[in-house]
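Numbering (the UniProt record's numbering), first residue to last: 1 to 100.
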C-alpha cells in the first residue's frame, strides 16, 4: 500500500510595497531689523546662499525691508540649518526654520 502524501501548492509571499517619502524641505527666513544695512544683508545672502545672484540678493533684501520677512532659501534640513546658522552668525535676524 502506497500512501500519497498531499502536496500543497507553494504559497506566494506578497511583498509590501515600500513607498518612499521625499525628505521634507525647510525654509530659511530672514527678518527685518533696525541694525543691518541693505548692503550687509545682500552681501551675506550672496556669501552664504549658493547660486545667489546680486539681483536676487537685492530683491530679497528689499522684501525683508518692505515686507518685514523673506524666504531666502528652501531645501533639505541639514543645508537649511547650515545657511541659517551662517546668516545668524553674520548678524542677520533670523526666524526659526520652518517646514516647507
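Each residue gets a CB set at the ideal place from its N, CA and C atoms; glycine is no exception.
Residue i - DSSP class collapsed to helix/strand/coil
| i | result |
| --- | --- |
| residue 76 | strand |
| residue 53 | coil |
| residue 11 | coil |
Residue(s) in a DSSP beta bridge with residue i
| i | result |
| --- | --- |
| residue 29 | 71 |
| residue 99 | 26 |
| residue 61 | Paired residues: none, contrary to the question. |
Proximal residues to residue i (C-beta, below 7 angstroms), its chain only, five neighbours per side dropped
| i | result |
| --- | --- |
| residue 88 | 94 |
Buried versus exposed, by CB contacts within 10 Å (16 or more), residue i
| i | result |
| --- | --- |
| residue 72 | buried |
| residue 23 | exposed |
| residue 77 | exposed |
Close-in-space but distant-in-sequence residues of the same chain around residue i (CB under 8 angstroms, 5 per side omitted)
| i | result |
| --- | --- |
| residue 68 | 31 and 32 |
Residues of its chain near residue i, where Cβ-Cβ distance is below 6 angstroms and the 5 sequence neighbours each way are ignored
| i | result |
| --- | --- |
| residue 25 | 74, 75 and 100 |
Answer yes if the segment 28 to 48 comes into contact with the segment 56 to 68, meaning at least three C-beta pairs across the two stretches below 8 angstroms, and no otherwise. yes
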